[in-house]
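Residue numbers -26 to -1, 1 to 212, in mature numbering (1 follows the signal peptide of the UniProt record, and there is no 0), belong to the letters of the sequence shown in order.
This report concerns only the one structure given below.
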Amino acid sequence: MSRRTFLSASAAGAASLTLSACVSSADNRPSVVESRVPEPQITTTSNMYAAVTDAGFDIPEVPIQKINPRYYRQEVADPTGERAGTIVVDTANHFLYLVRGKGRALRYGVGLGRAGFEWAGRAEIKFKQQWPRWFPPSEMIDRRPELEKYRAEYDKANDQWLGGMQPGVANPLGARALYIFQDGKDTLYRVHGSPEWWTIGKSVSSGCVRMINQDVIDLYNRVPDGSPILVTSGLPSV
């Protein structure tokens, strides 16, 4: 990865390798934005979480019978009052809404940060990445020495960054990552995919908004760079 590419991806150089960790604390399994992206069709539940091959990576089927149906991707009445094209993360109910206009929204189930790792406010999706590389923050590596092999290191001779976890289905950032900036600065929070479907509807991560990989691909295809995002606990209970 070249230095220019890395800085573009992190938007802050080596100091911004703290991607809010974006991993779970424990494996507790069982004006209107004009989108220039063609609108994908909403598929049936039986198809939307089927196994899929994406960019050469095989994403496994999600066992939807083990997930509360409230967290399935679905179109609902819009409870946010926001403009069409806005992403709204409802931290109280573990939902992410994409406002469609005319009183409707797409709703996705999400996993969120545990106590002490939350973030809220208005911001924008500065840019997006398909199958991103994951760089664990230094403080996480210090706590978990087994992650040392993923530490970022700048190779000055070749002007490139080395390290990080390669993209793939086991990568904590999943199939897609949407990078949240506020007032032009990287918040270090992301909306991203996750192979840990069992964490949807729970607060176990280090702060990022995690989605089922099939869902984050769907969202990625619907929102352009620069889309507004609101993270709030102020929506009514569902």
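For each residue, glycine too, the CB sits at the ideal point set by N, CA and C.
All values derive from a computational prediction rather than experimental measurement.
Check, Outcome
"Quick one: residues in its chain with C-beta nearer than 8 Å to the C-beta of R74, no 5 flanking neighbours on either side, listed in chain order?", "E49, D52, A58, L80"
"Out of curiosity, what's the CA-to-CA distance linking I154 and G148?", "16 Å"
"At which residues does the beta strand (DSSP E) containing S168 begin and terminate?", "159 to 168"
"Check whether the Cβ atoms of residue 217 and V212 lie closer than 9 Å to each other.", "What is shown of the chain runs -26 to 212, which leaves residue 217 out entirely."
"Using CA atoms only, rank isn't needed, just tell me which of L193, V183, R78, G83 is closest to Y163.", "V183"
"Taking Cβ positions, are L70 and G83 nearer each other than 9 Å?", "yes"
"Note down, in chain order, each residue of its chain lying with its Cβ closer than 8 Å to the Cβ of F31, except the 5 sequence neighbours on either side.", "W105, P141, G142, V143, A149"
"When the Cα of G199 is compared with those of A151, V205, D28, G137, which residue comes out closest?", "Looking at the sequence itself, residue 199 is Asp, so the reference to Gly does not match. Ranking A151, V205, D28, G137 by Cα distance to D199 puts A151 first."
"With H, G and I counted as helix, E and B as strand and the rest as coil, what does DSSP make of L209?", "coil"
"My parser needs the beta strand (DSSP E) runs of 3 or more residues fully inside the stretch 54 to 135; what are they?", "61 to 64, 69 to 75, 78 to 83, 95 to 104, 127 to 129"
"Report the three-state DSSP secondary structure of Q48 (helix, strand or coil).", "strand"
"In three-state terms, what does DSSP make of P37?", "coil"
"State yes or no: is the C-beta of V165 within less than 9 Å of the C-beta of I33?", "no"
"Skipping 5 residues on each side, what residues in its chain have a beta carbon closer than 6 Å to that of L204?", "V62, R96"
"If you check the beta carbons only, do A24 and Q188 fall under 9 Å apart?", "yes"
"Of the residues T206, E113, T54, G85, which one's Cα is nearest the Cα of V190?", "G85"
"Between Y45, G158, M185, which has its C-alpha nearest P169's C-alpha?", "M185"
"Report the three-state DSSP secondary structure of P202 (helix, strand or coil).", "strand"
"Which two residues bound the contiguous beta strand (DSSP E) that contains S177?", "177 to 179"
"Go ahead and pull the three-state DSSP assignment for T18.", "coil"
"Between which residues of its own chain and M139 is the CB-CB distance below 6 Å, once the five residues before and five after are set aside?", "W108, Y124, N145"
"What is the rounded straight-line gap between the Cα of I115 and the Cα of E122?", "6 Å"
"Mind checking which residues open and close the beta strand (DSSP E) that includes Y153?", "150 to 156"
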